[in-house]
Amino acid sequence: MSGGVLRVGNCSGFYGDRFTAVREMLTGGPLDVLTGDYLAELTMLILGRDRLKDPSLGYARTFLRQMEDTLGLAHERGVRIVANAGGLNPAGLAAHLRELAERLGVPARIAHVEGDQLPLPGGALTANAYLGGAGIAACLDAGADLVVTGRVTDAALVTGPAAAYFGWAPDAYDALAGAVVAGHVLECGTHATGGNHPFFRRYDVRHPGFPLAELHADGSAVITKHPGTGGAVDVSTVTAQLLYETQGARYAGPDVTARLDTVRLTQDGPDRVRIDGVRGEAPPPTLKAGVTRLGGWRNEVVFVLTGLDVDAKARLVREQVEAAFARGGARPADVRWELARTDRADAGTEETASALLRLVVRDPDPHAVGRAVTGAAVELALASYPGFHVTAPPGRGDPYGVFQAVYVEPGAVTHTAVLPDGRRVPVPASVPTTAPLRDVPEPPLPEPLPPGPARRAPLGLVAGARSGDKGGDANIGVWAESDAAWRWLAHTLTADRLRDLLPETRALPVTRHVLPNLRALNFTVTGLLGEGVAARARFDPQAKALGEWLRARHLDIPEALL
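Okay, so the sequence shown: first residue is 80 according to the working numbering, each after it adds one.
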């Protein structure tokens, strides 16, 4: 370890992230701990389906292949590895890793954390509570070189190593909250180094490096990256990730509730951003858990409409398909049509002259989305609009999943650290104190800008945004990069104005949270994503581009800002 500083890196933001990132992080510069986040709501469903086919699976197999390439390197460099790649089967992954270490001749001490799995509710595929970092800390305290876990919070991959290294007590809430914020910045990998950034043209993001945090005993941290790697770390890249998939000012977890409204970001040199001032509070009395289940069957047909009379062509084929459903008496339970006007007038290519009419059907019965749909579409090939074709031959349909967030008592889980010598150490379910999760009062807004000339322009000229999903809800974080722009944004972008700018949200509850320290607004759009990403009920099922749509909308912006 590095004296009074713990250097924690990240090598994965999702199952399928850059395979070579582990080696890049191990060879790119000094590091004490390397973390990897492999689990998302959709991943749990994927792993659940893997386990149905083979009960010995249920973990992120990519991680095992990465360790085959780098376990010896990590051991040589004294870097400890902590990853949630165990998914639904951390014991199985740990066993494979021990076999791998023996085969490679690497004397790595391997531990795992389990106990997040809950009894399956009726019809559920997976049910897992989000555990904190205490089990990880226990494994590291016992000398583990590599720790794999099941479903822990993303930030636990950082709070666990930090608590073990600095010896934090369970009620060291400010320090733990600082580690939670650092962990949230790291968890999505290159999001913190310019990846997917709204102002991406500022940076060279062709091959961004992965981030790392230099953590201190008081919970403060500096976010940076290895020298010479691509991308950038600045206040804007860190702000973007801080707002990603969060909601109010209180960011709750099983270890601590971090107050995002207390976070201070300061540029601390090239590719260095200091995070300090973070305050923590007692965690809520219950644990969040995620339940996934197979929701039914889904199919999709995309009709291509080229040239003139696009709206009339769309009406014709829609009427024909709906009539076929009626004749067959087998209309799927959920039928959705969406016309995307991607066409241009007098286009120079056939593709740019074409619009896309998307038909999505869902039903509990696979037969209702199979032949009943493919037949209705294919049989129109010579009997519908001119230029009839589809983007791909319609298939039989696929299963889709549903995610549900529930809350359980801490005693419902058997949080257990399985140490390198095989000993099983129960992790206490109780924390020193708990506090019900409540919204904070809205802080005072800055003084509005004085009146002046305005010009109609895209919001994205003066504000950044990043969006994502939390179950069936979408979140959009919007921030200003100057005090003047913040004075305008805070008064202009209300929840009602957001509904006007994004018509899809008009019938839905929209909650606005104000974070003045970050010059940011964070919006939660309840129910926009239906039953979650696995249900694929929306064109952009994870709301990844919702913020970019908002930035592209036009409104009256003071000329002084433009």
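The beta carbon of each residue, even a glycine, is placed where N, CA and C say it ideally should be.
Delimiting residues of the beta strand (DSSP E) encompassing residue i
{"i": "L594", "result": "V589 to L594"}
{"i": "E360", "result": "R358 to E360"}
{"i": "V504", "result": "R503 to P505"}
{"i": "A271", "result": "From DSSP, A271 is part of no beta strand (DSSP E); its letter is neither H nor E."}
{"i": "H191", "result": "I189 to E193"}
{"i": "V161", "result": "R159 to A162"}
{"i": "V497", "result": "T495 to V497"}
{"i": "R615", "result": "Note, R615: premise wrong, no beta strand (DSSP E); not H, not E."}
{"i": "A44", "result": "In the structure as shown, the chain begins at 80 and stops at 641. Residue 44 is therefore absent and cannot be evaluated."}
Residue i - DSSP class collapsed to helix/strand/coil
{"i": "H633", "result": "strand"}
{"i": "S561", "result": "coil"}
{"i": "D552", "result": "strand"}
{"i": "D575", "result": "helix"}
{"i": "T371", "result": "strand"}
{"i": "T513", "result": "coil"}
{"i": "K132", "result": "helix"}
{"i": "V541", "result": "coil"}
{"i": "D111", "result": "coil"}
{"i": "E266", "result": "coil"}
{"i": "A223", "result": "coil"}
{"i": "L210", "result": "strand"}
{"i": "W416", "result": "strand"}
{"i": "M80", "result": "Reliability of the predicted coordinates at M80 is poor, the pLDDT of 46 falling under 50, and the value obtained from them is presented with this limitation in mind. Coil, per DSSP."}
{"i": "H276", "result": "coil"}
{"i": "A203", "result": "strand"}
{"i": "T584", "result": "helix"}
{"i": "T122", "result": "helix"}
{"i": "V469", "result": "strand"}
{"i": "Y330", "result": "strand"}
{"i": "R410", "result": "coil"}
{"i": "R423", "result": "coil"}
Bounding residues of the alpha helix (DSSP H) (the contiguous stretch that carries residue i)
{"i": "V452", "result": "R450 to V457"}
{"i": "F602", "result": "It is not in any alpha helix (DSSP H) - F602 instead sits in the beta strand (DSSP E) that spans A599 to V604."}
{"i": "Q320", "result": "V314 to L321"}
{"i": "Q145", "result": "R140 to R156"}
{"i": "T106", "result": "A100 to T106"}
{"i": "R285", "result": "No alpha helix (DSSP H) holds R285; DSSP gives it neither H nor E."}
{"i": "Y244", "result": "A235 to F245"}
{"i": "A174", "result": "P169 to L183"}
CB-CB length for residue i against residue j, believed under 8 Å
{"i": "A173", "j": "V112", "result": "About 18 Å separates the two Cβ atoms, so there is no contact after all."}
{"i": "V469", "j": "E379", "result": "Not confirmed; about 10 Å, so no contact."}
{"i": "Q363", "j": "L516", "result": "The question names Gln, but residue 363 in the sequence shown is Pro. The Cβ separation is near 5 Å, so the contact holds."}
{"i": "A271", "j": "V312", "result": "7 Å"}
{"i": "E193", "j": "G229", "result": "6 Å"}
{"i": "F602", "j": "L577", "result": "6 Å"}
{"i": "G480", "j": "G374", "result": "6 Å"}
{"i": "T58", "j": "V259", "result": "The displayed coordinates of the chain run from 80 to 641. Any statement about residue 58 would go beyond what the structure contains."}
{"i": "G83", "j": "H295", "result": "7 Å"}
{"i": "T149", "j": "V185", "result": "Not confirmed; about 10 Å, so no contact."}
{"i": "A496", "j": "A248", "result": "Rounded, the Cβ-Cβ distance is 18 Å, inconsistent with contact."}
{"i": "P21", "j": "A533", "result": "Residue 21 is absent from the model: the chain starts at 80 and stops at 641."}
{"i": "L255", "j": "G359", "result": "6 Å"}
{"i": "S463", "j": "V396", "result": "5 Å"}
Own chain residues within Cβ distance below 7 Å of residue i, not counting five before or after
{"i": "G547", "result": "Y323, E324, N554, Q621, A622 and K623"}
{"i": "A599", "result": "T318, L322, G556, V557 and W558"}
{"i": "R86", "result": "P109, L110, D111, L291 and E293"}
{"i": "T573", "result": "R591"}
{"i": "V161", "result": "V112, T114, I215, V226, L236, G239 and P240"}
{"i": "T410", "result": "The sequence given here has Arg at residue 410, not Thr. The answer, listed in chain order, is F404."}
{"i": "A243", "result": "A216, L219 and D220"}
{"i": "A536", "result": "H633, I636 and L641"}
{"i": "S81", "result": "Since pLDDT at S81 reaches only 46, below the 50 mark, its modelled position is unreliable, and the value read off the structure follows with that caveat. Only P109 and D111 meet the Cβ criterion."}
Residues sharing a beta bridge with residue i, DSSP
{"i": "S546", "result": "I555"}
{"i": "S433", "result": "T385"}
{"i": "R294", "result": "Note that residue 294 is Leu in the sequence shown here, rather than Arg. Looking at the DSSP assignment, L294 forms a beta bridge with L85 and A300."}
{"i": "Q483", "result": "V370"}
{"i": "T345", "result": "R353"}
{"i": "G309", "result": "P287"}
{"i": "W376", "result": "D442 and P478"}
{"i": "Y464", "result": "Its beta-bridge partners do not exist; DSSP assigns none."}
{"i": "V231", "result": "L210"}
{"i": "T325", "result": "According to DSSP, which records beta bridges pairwise, T325 is partnered with nothing at all."}
{"i": "R534", "result": "I636"}
{"i": "Q196", "result": "N207"}
Same chain, Cβ closer than 8 Å to residue i, five either side skipped, listed in chain order
{"i": "R130", "result": "L136, G137, L167 and N168"}
{"i": "D347", "result": "V301 and R353"}
Cβ shell of residue i (< 6 Å), same chain only, five flanking positions each side left out
{"i": "V452", "result": "N378 and V440"}
{"i": "R423", "result": "T431"}
{"i": "D283", "result": "G309"}
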